[in-house]
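Residues 439 to 954 (our numbering) are what the sequence shown spells out, left to right.
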Amino acid sequence: MPVRSTRVVVCVLAVVALITPLVFFSSGFFSSTSEKVLPGVEVMGIELGNLNKPEGAAKLSELEKSLRAAKVTLCYQDQRWPLLLNEAGFELDEEAVMDAALQAGRKGSLIQQWRDRKQLKQSGMIISPAVGFDQDRLSQRVKELTRGITVDPVDANFIIDANDAVSVRPAKDGTIIDMEKLTVDLTSAIVESQKPEVEMAMITVPPARSTEMVQSMGINGLLAGYTTWFDPAKVSRTYNISVAAHAFDEQLIRPGHEVSFNKVVGPRSSETGYKTAPIIVNNEFVDGVGGGVCQVSTTLYNCVLLAGLEIVERSNHSLPVTYVPIGRDATVVYDEIDFRFRNNTESYIFIKSFVSGGQIGLKIYGNTAYKKDVRVSSWVTQEIEPGVVYENDPNLLKGEQVVKQEGQKGFKASAERVFFSNGAVEKREYLSSSEYSPVNKVIAVGTLEQALPQIAPSTPSPGAGGANKPAGGRNVQSNTNQNMGGVNGGNNSGTESSVNQTVNQAIPALKPSANQ
């Protein structure tokens with residue numbers, strides 16, 4: 439009987455031993471939602487135990503400030519560069535660190551939590567800091583510091599000589615810093631080292647266009663070229679032409695691809711480098727940003743026509759331009775009016791541009807197997823007479839007229855492209871028609887009434903005797919008419935009656951002379 443009692447006691451104690459930890463765990467003592475970090479948790483020497491999230495974040499903010507002021511030495515062979523972490527876009531994720539600290543001893547199974555708690559009491563627990571870099575700032579700063587040790591890859595490309603002969607410039611591999619590895623090594627150095635140094639690794643980067651790729655494109659000669667002229671003394675317009683033309687220089691266009699002038703050139707604004715020069719708005723030449731760009735689109739349009747390529751979209755100006763025959767211009771307005779064409783050959787094409795000495799030229803190179811004998815012509819189909827517009831002008835005398843703007847005829851024009859083969863017409867293609875608005879003649883008409891002179895009354899001197907005998911209204915009228923005659927060039931017919939009336943009204947106000 440005593441033996442059985444002993445066994446019961448042992449069983450009860452065993453059950454209690456198993457239940458006791460469960461009571462602790464279930465009581466919330468190890469709750470993962472506790473608001474304070476358990477004692478013994480630290481990050482980079484900063485003790486976070488017994489701190490809530492805002493308190494811990496404040497400490498981590500101070501840590502981040504000190505780390506931002508620190509520097510890491512970048513090494514490559516025998517060269518050294520100091521990298522300030524603040525310049526490299528260093529960041530410490532305070533929220534992520536505090537989340538990890540609050541989870542210490544509170545995550546995993548109940549047994550795992552119990553073990554972590556035991557470790558915290560015995561030796562503490564170090565949380566790895568969540569650090570990182572702004573990759574753009576890091577790459578830029580490293581590039582600035584290590585300028586000269588990297589070599590950018592060079593794409594293979596076409597070289598065109600003065601005689602339009604085509605050759606291939608070989609591609610070259612580049613050598614650049616392995617930024618992915620550098621970021622990992624920098625993070626480790628910051629966390630683990632007292633005097634961090636990082637040895638940079640270099641990687642070889644192949645070019646985007648290999649020599650073999652360019653050679654296989656089949657470009658071997660000139661398909662067509664076109665040149666227009668401009669006044670280089672118009673500096674802002676010349677500058678805009680150069681910027682837009684440069685955007686098309688060395689454009690490589692694959693077979694079947696459609697080219698948009700607006701996409702290649704981009705927005706025309708002060709922010710993108712364009713200047714103010716004359717543009718056409720509402721049938722008038724006014725100053726606007728990007729004036730001159732349409733001469734580039736027009737030159738390209740004519741070059742594309744002569745190369746035999748497909749025209750997808752083209753619009754004429756509202757007024758004729760002087761640098762191409764009528765009906766052969768191509769206006770563009772960003773996001774509104776575009777010039778588009780398609781490479782309808784089975785070979786790549788390559789565009790070159792130049793701006794020099796008052797000339798803008800564009801040339802298209804491709805496989806000469808697709809070279810066409812093309813002739814383009816245009817002609818006026820109708821002339822549109824301008825109207826006459828009269829505008830009141832308060833600065834002109836009534837009845838006067840001045841021509842403010844001479845009228846200009848409008849036109850309708852047609853154009854065609856003819857393909858020849860062995861001297862005979864192979865195909866005739868009618869191009870889009872053009873209509874140019876007339877410019878009305880503007881005449882200013884005066885509305886200003888003629889101002890009348892103001893005559894002040896005079897008082898004769900007493901005792902002047904017969905020499906000063908007044909002559910009544912006649913002498914006053916006579917003098918006034920003579921004076922007005924001088925003003926009007928001797929012609930009094932239009933003003934005499936009104937002047938006499940004014941003078942006669944003034945005479946009765948004069949007192950008669952004592953001698954009268």
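Positions of the beta carbon are idealized from the N, C-alpha and C atoms, including for glycine.
Q: Per DSSP, which residues does Ala-410 bridge with? Please list them.
A: Residue 410 lies beyond the stretch modelled for the chain, which goes from 439 to 954, so this question has no answer here.
Q: Express the C-alpha separation of Asn-490 and Val-727 in angstroms, rounding to a whole number.
A: As a working note, residue 727 is residue 289 in the sequence shown. As a working note, residue 490 is residue 52 in the sequence shown. Between Val-727 and Asn-490, the C-alpha separation is close to 58 Å.
Q. Helix or strand or just coil, what does DSSP make of Ser-859?
A. On the sequence shown, position 421 is the one that residue 859 refers to. Three-state result, Ser-859: strand.
**Q.** Inter-residue Cα distance where the pair is Glu-829 and Pro-876
**A.** One-based indexing of the sequence shown puts residue 829 at position 391. One-based indexing of the sequence shown puts residue 876 at position 438. For Glu-829 and Pro-876, the distance between alpha carbons rounds to 18 Å.
Q: Look at the alpha carbon of Asn-926 and the alpha carbon of Ile-717, and state the distance between them as a whole number of angstroms.
A: On the sequence shown, residue 926 is found 488 positions in, with the first residue counted as 1. On the sequence shown, residue 717 is found 279 positions in, with the first residue counted as 1. Confidence in Asn-926 is poor, its pLDDT being 37 and thus under 50, which makes the residue's placement unreliable; the coordinate value appears in the next sentence. Going from the Cα of Asn-926 to the Cα of Ile-717 covers about 45 Å.
Q: Output the residue ranges of the alpha helix (DSSP H) runs that lie fully inside the segment 701-774 and measure 4 residues or longer, sorted by chain position.
A: 731-745
Q | Under the three-state DSSP convention, the category Val-925 falls into | A | In the sequence shown, the residue the question calls residue 925 occupies position 487. Note that Val-925 scores a pLDDT of 34, beneath 50, so its modelled location is shaky; the value from the coordinates is reported in the next line. Helix at Val-925.
Q.
Please report the straight-line C-alpha distance between Thr-918 and Leu-886, rounded to a whole angstrom.
A. The residue you call residue 918 lines up with position 480 of the sequence shown. The residue you call residue 886 lines up with position 448 of the sequence shown. With a pLDDT of only 36 at Thr-918, under the threshold of 50, the placement of this residue in the model should not be trusted; the figure read from the coordinates follows. Between Thr-918 and Leu-886, the C-alpha separation is close to 23 Å.
**Q.** Assigned secondary structure, Phe-538 (DSSP; H/G/I helix, E/B strand, else coil)
**A.** Position 100 of the sequence shown, counting from 1, holds the residue named residue 538. In the sequence as displayed, the identity of residue 538 is Ala instead of Phe. Note: Ala-538 maps to helix in three-state DSSP.
(Q) If distances are taken between C-alpha atoms only, which option among Cys-513, Lys-809, Val-818 and Ile-881 comes closest to Val-827? (A) Taking the sequence shown and counting its residues from 1, the one referred to as residue 827 is at position 389. It is Ile-881 whose Cα lies nearest to the Cα of Val-827.
Q) According to the neighbour-count rule (16 or more other Cβ atoms, all chains shown, within 10 Å of its Cβ), is Ser-465 buried or exposed? A) For the purposes of this step, residue 465 is taken as residue 27 along the sequence shown, with counting starting at 1. Because Ser-465 carries a pLDDT of 42, less than 50, the predicted location of this residue cannot be relied on, and no value is offered for it.
Q: State the Cα-Cα distance for the pair Val-535 and Ala-568, rounded to the nearest angstrom.
A: Taking the first residue of the sequence shown as 1, we reach residue 535 at position 97. Taking the first residue of the sequence shown as 1, we reach residue 568 at position 130. Near 6 Å, if we compare the C-alpha coordinates of Ala-568 and Val-535.
Q: Just tell me which of Lys-672, Ala-662, His-695 and Val-604 has its CA closest to the CA of Arg-780.
A: Counting from one through the sequence shown, the residue named residue 780 turns up at place 342. Closest by alpha carbon: His-695.
Q. Ser-756 to Asp-725, Cα distance in whole Å?
A. Counted from its first residue, the sequence shown places residue 756 at position 318. Counted from its first residue, the sequence shown places residue 725 at position 287. Roughly 16 Å between the two C-alpha positions.
Q) In the DSSP assignment, what residue or residues form a beta bridge with Glu-696? A) Within the sequence shown, numbered from 1, the residue matching residue 696 stands at position 258. DSSP output for Glu-696 lists Arg-780 as bridge partner(s).
Q: For Asn-595, write down the residues that DSSP places opposite it in a beta bridge.
A: The residue given as residue 595 occupies position 157 in the sequence shown. Partner(s): Arg-607.
Q.
Between the alpha carbons of Gly-746 and Val-812, how many angstroms are there, rounded?
A. For this step, residue 746 is matched to residue 308 along the sequence shown. For this step, residue 812 is matched to residue 374 along the sequence shown. Their Cα atoms are separated by approximately 7 Å.
Q: Determine the burial state of Cys-732: buried for a count of at least 16 other Cβ atoms within 10 Å of its Cβ, exposed for fewer.
A: Position 294 of the sequence shown, counted from the start, is the residue given in the question as residue 732. Cys-732 should be labelled buried.
Q: Please name the residue, chosen from Ala-646, Ile-789 and Pro-758, that lies closest to Asp-590 on a Cα-to-Cα basis.
A: Locating residue 590 in the sequence shown gives position 152, where the first residue counts as 1. The option with the nearest alpha carbon to Asp-590 is Ala-646.
Q.
Closer than 8 Å is the cut-off here; do at least three beta carbon pairs connect the segment 698-709 with the segment 647-664?
A. no
Q: Would you decide whether Ser-871 is buried or exposed? Buried here means 16 or more other CB atoms lie within 10 Å of its CB.
A: Locating residue 871 in the sequence shown gives position 433, counting from the first residue. The residue is exposed, with fewer than 16 neighbouring Cβ atoms inside 10 Å.
Q: Report yes if the CB atom of Tyr-874 is closer than 8 Å to the CB atom of Phe-857, and no otherwise.
A: Counting from one through the sequence shown, the residue named residue 874 turns up at place 436. Counting from one through the sequence shown, the residue named residue 857 turns up at place 419. No.
Q | Of the listed residues Val-841, Gly-845, Gly-799 and Lys-474, nearest to Ala-495 (C-alpha basis) | A | Translated into the one-based positions of the sequence shown, residue 495 becomes position 57. Nearest option by C-alpha distance: Lys-474.
Q.
So for Thr-642, helix, strand or coil by DSSP?
A. Counting from 1 along the sequence shown, the entry for residue 642 is found at position 204. Strand, per DSSP.
Q: Check Val-461 in the structure and name its three-state DSSP category.
A: The count along the sequence shown starts at 1 and reaches residue 461 at position 23. Its pLDDT being 45, under 50, Val-461 is placed unreliably by the model, and the measurement read from it follows with that caveat. Helix, per DSSP.
Q) Which partner residues of Gln-517 appear in the DSSP bridge assignment? A) Reading the sequence shown from its first residue, position 79 is the one you call residue 517. Answer is Tyr-514, bridged to Gln-517.
Q. When DSSP labels each residue in this structure, what does Ser-852 get in the three-state scheme?
A. Against the sequence shown, residue 852 aligns to sequence position 414. Of the three classes helix, strand and coil, the one that applies to Ser-852 here is strand, per DSSP.
**Q.** Beta-bridge partners of Ile-615, as assigned by DSSP
**A.** If you number the sequence shown from 1, residue 615 lands on position 177. Beta-bridge pairing links Ile-615 to Met-640.
Q: Leaving aside the five residues before and after Asp-599 along the sequence, list all residues of the same chain whose C-beta is less than 7 Å from its C-beta, in chain order.
A: Against the sequence shown, residue 599 aligns to sequence position 161. Once the five neighbours on either side are set aside, Asp-599 has no close Cβ partner at all.
Q.
Can you give me the C-alpha to C-alpha distance between Arg-766 and Met-638, rounded to a whole angstrom?
A. Reading the sequence shown from its first residue, position 328 is the one you call residue 766. Reading the sequence shown from its first residue, position 200 is the one you call residue 638. If I take the Cα positions, the gap works out to 58 Å.
Q: Determine the closest residue to Ala-862 out of Gln-843, Lys-810, Tyr-803 and Gln-888, with distance taken between C-alpha atoms.
A: Here the question's residue 862 lines up with position 424 in the sequence shown. Nearest of Gln-843, Lys-810, Tyr-803 and Gln-888 to Ala-862, Cα basis: Lys-810.
Q. DSSP beta-bridge partners for Tyr-874?
A. The count along the sequence shown starts at 1 and reaches residue 874 at position 436. DSSP output for Tyr-874 lists Phe-849 as bridge partner(s).
Q.
Rounding to the nearest angstrom, what Cα-Cα distance links Thr-471 and Ile-549 in this structure?
A. Working through the sequence shown from its first residue, we reach residue 471 at position 33. Working through the sequence shown from its first residue, we reach residue 549 at position 111. Reliability fails at Thr-471, whose pLDDT of 49 lies under 50, so the model's placement of it is uncertain and the value that follows must be treated cautiously. So the two alpha carbons sit approximately 18 Å from each other.
Q: Report all residues from its chain with a CB closer than 6 Å to the CB of Glu-784; omit the five preceding and five following residues, and keep chain order.
A: One-based indexing of the sequence shown puts residue 784 at position 346. So the qualifying residues of the chain are Pro-693.
Q.
Determine whether the beta carbon atoms of Leu-834 and Glu-854 lie at a separation below 8 Å.
A. Looking up residue 834 in the sequence shown gives position 396. Looking up residue 854 in the sequence shown gives position 416. Result no, Cβ atoms of Leu-834 and Glu-854 do not sit closer than 8 Å.
Q: Please determine, among Ala-627, Asn-721, Met-651 and Ser-674, the residue with the shortest C-alpha to C-alpha distance to Asp-593.
A: Indexing the sequence shown from 1 puts residue 593 at position 155. The shortest Cα separation from Asp-593 among Ala-627, Asn-721, Met-651 and Ser-674 belongs to Met-651.
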